[in-house]
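Below is one structure, written out as structure tokens; the observations come after it.
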Amino acid sequence: MLMTSACQQMGFDGLMIGRISRDVQRRWEASRHMEFVWLTDPFSQRPEADLFTWVPPYSYTTPGIFCLDVPSCRSPMMYESIQDMPHYLLLYSQYQTEVYTPSNIAIMFGGDLSYVEAEKQFAAIDALAAAANALDKAKESRWRRYRLKKAPVHVFYSTPACFLRALHEVNVTWPVFSNDVLPYTDSPGRTWSGFYTSRPSLKLFARYANGVLQHHDGITGTSTHEVAQDYANQLSRGIASCELAVVVYNPDTESLLTYVRLPVGRDIQLVVTDPDGLELEHQVLPVAPHRLGVPERTSTAPSEIVFPALVPPLGMSVYKMEPGIPAPNVAKTGSVRDDFLELEQQLDYRYRLELDPTSGLVTRVHLLGRNLSLGLRQSFAAYLHEFSTQAELSESGHYVFSAYRNAYQLDEQVAYRVLKASSSSC
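Position 114 of the sequence shown, counted from 1, bears residue number 114 in full-length UniProt numbering, the numbering being contiguous throughout.
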């Protein structure tokens, strides 16, 4: 829903979704819900936050029975000859009128790695559109053979903008939707969430170098294995050649105040300066015990330095760390406490969290700007990875997360420590 809200605030007139879960689609087709108004901010109930949304009948690709790009066609044609294709085009359109607004039907043409022979394919689409538009002159027996309802038909090239404008001019009342369409599931047990966890090393580099790794398959980890390795190799070499400075990038459209944590030696003394060259207040804290035991951890540093970073919208800030003696009352050392500590009000101007002191889990969130309180149940669960011999279920990969069993709950209590720093002169 965050993306739809961003699209609405950027001035989009509508949104065309590539695909939704098949079970959701079947329900929406039965209730004529494939075209709807999405409430991108249901809490505010502002009309200007609404965004018209359209969902394709299957995907953003060409329907299989109209596949003209022969190298990419996955199944043989379902019609007797090329002359029958216009009739199937109208049959397909008639089916869509039972799901969509009857006066405007969109048929997608294209897809991933399509248009290998673009000139021939566009010529075939031209001929298909012309033949479909001429069908009103066909003999009545020809219509009965294909069970077509004789009705005025006009097939032409269009764009998303023209299509949305035509739907707007129909002037009908659309269904309203205020939920989300994630995660996406194309069949039982096949959830498209593998890209949230696959290829973590490359995605770590993407966080550091988002300005370089912009391609969607690179960011989501769905590129080929060789391409992913090349991305990681190039980014690794680039990072290794950088000067010793901390660059904090903010991809958001609002200013960001965050905290940078970097491993340091036990007795090291550092001076941290901000982009203006002013010395920053910082803390040196012991590394959390659970992080010390991470198998992939290569650092032997027992401590970490923490300092605040203020980053402008869609910008970056550069902080420098140099060996030296910090100014008095700038460096702080952390003292560890095991009891519960309440969030400090003055440091939390957007939201406030309530934690259960027994379990350590969040129980309630207070949105201060809206004077709204939401109950929250936090839990940790895990799926076991199992090899499946079922033909209909594939192994989890870079696209699909296959859950062969339900998740099992981990411990309902979490171990936590509260670190509260105190000033000290060095």
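C-beta: ideal position from N, C-alpha, C; glycine also. Small disclaimer: the values here were computed from a predicted structure and weren't measured.
First and last residue of the uninterrupted alpha helix (DSSP H) at residue i
i: asparagine 133; result: 118-133
i: phenylalanine 163; result: 160-170
i: cysteine 238; result: Before going further, note that residue 238 is glycine rather than cysteine in the sequence given. Start and end: 225-240.
i: threonine 101; result: Careful: threonine 101 lies outside any alpha helix (DSSP H) and carries neither H nor E.
i: threonine 61; result: Element bounds for threonine 61: n/a, residue is neither H nor E.
i: threonine 220; result: 216-220
i: alanine 30; result: 22-30
i: proline 289; result: 289-292
Residue range of the beta strand (DSSP E) that includes residue i
i: serine 303; result: 303-311
i: asparagine 250; result: 246-250
i: tryptophan 38; result: 35-39
i: tyrosine 95; result: Counting along the chain, tyrosine 95 falls outside any beta strand (DSSP E), though it belongs to the alpha helix (DSSP H) covering 85-97.
i: aspartate 180; result: Neither: aspartate 180 is in no beta strand (DSSP E) and is coded neither H nor E.
i: glutamine 283; result: 282-286
i: glutamate 354; result: 351-355
Per DSSP, cross-strand counterpart(s) of residue i
i: glycine 375; result: Arg364
i: threonine 185; result: Thr191
i: threonine 53; result: Leu15, Phe36
i: phenylalanine 401; result: Thr191
i: valine 414; result: DSSP lists no partner for valine 414.
i: glutamate 279; result: Thr273
i: residue 468; result: Given a span of 1 to 426 for the chain in the structure shown, any question on residue 468 remains unanswerable.
i: proline 323; result: Leu270
i: alanine 382; result: Tyr408
i: glycine 315; result: Asn250
i: leucine 257; result: Leu310
Chain-order list of residues whose beta-carbon lies under 6 Å from that of residue i (same chain, five-residue window excluded)
i: threonine 53; result: Leu15, Phe36, Trp38
i: leucine 257; result: Leu310
i: glycine 18; result: Tyr60
i: phenylalanine 177; result: Phe36, Trp38
i: isoleucine 105; result: Ser93, Gln96
i: tyrosine 249; result: Met316
i: glycine 375; result: Arg364
i: aspartate 13; result: Leu164
Close beta carbons around residue i, own chain, < 8 Å, minus the five adjacent residues each side
i: tyrosine 231; result: Leu202, Phe205, Leu213, Gly218, Ser223
i: residue 499; result: The requested residue 499 is not part of the displayed model; the chain covers only 1 to 426.
i: glutamine 378; result: Leu361, Val362, Thr363
i: tryptophan 174; result: Glu35, Phe36, Val37, Phe52
i: alanine 382; result: Ala407, Tyr408, Leu410
i: serine 255; result: Leu310, Val311, Pro312, Pro313
i: proline 76; result: A caution first: proline 76 carries a pLDDT of 45, below 50, which makes its placement in the model unreliable, though a value can still be read off. Within the same chain, proline 76 has no close Cβ partners at all.
i: alanine 228; result: Arg199, Leu202, Gly218, Gly221
Whole-number beta carbon distance between residue j and residue i, since they are thought to touch under 8 Å
i: valine 155; j: alanine 132; result: 5 Å
i: residue 438; j: leucine 128; result: Outside the shown range of the chain, which is 1 to 426, sits residue 438, and nothing can be said about it.
i: residue 438; j: lysine 320; result: The structure shown does not extend to residue 438, since the chain spans only 1 to 426, so no value can be given for it.
i: valine 264; j: alanine 288; result: Rounded, the Cβ-Cβ distance is 15 Å, inconsistent with contact.
i: leucine 68; j: isoleucine 125; result: 7 Å
i: valine 365; j: leucine 353; result: 6 Å
i: residue 427; j: threonine 273; result: Any answer about residue 427 is impossible in this case: the structure gives the chain only from 1 up to 426.
Contact set for residue i: own chain, Cβ-Cβ below 7 Å, skip 5 residues either direction
i: glutamine 8; result: Thr40, Ala49, Leu51
i: residue 451; result: No answer is possible for residue 451: the residues shown for the chain start at 1 and end at 426.
i: threonine 220; result: Phe195
i: serine 193; result: Pro183, Phe401
i: serine 103; result: Val170
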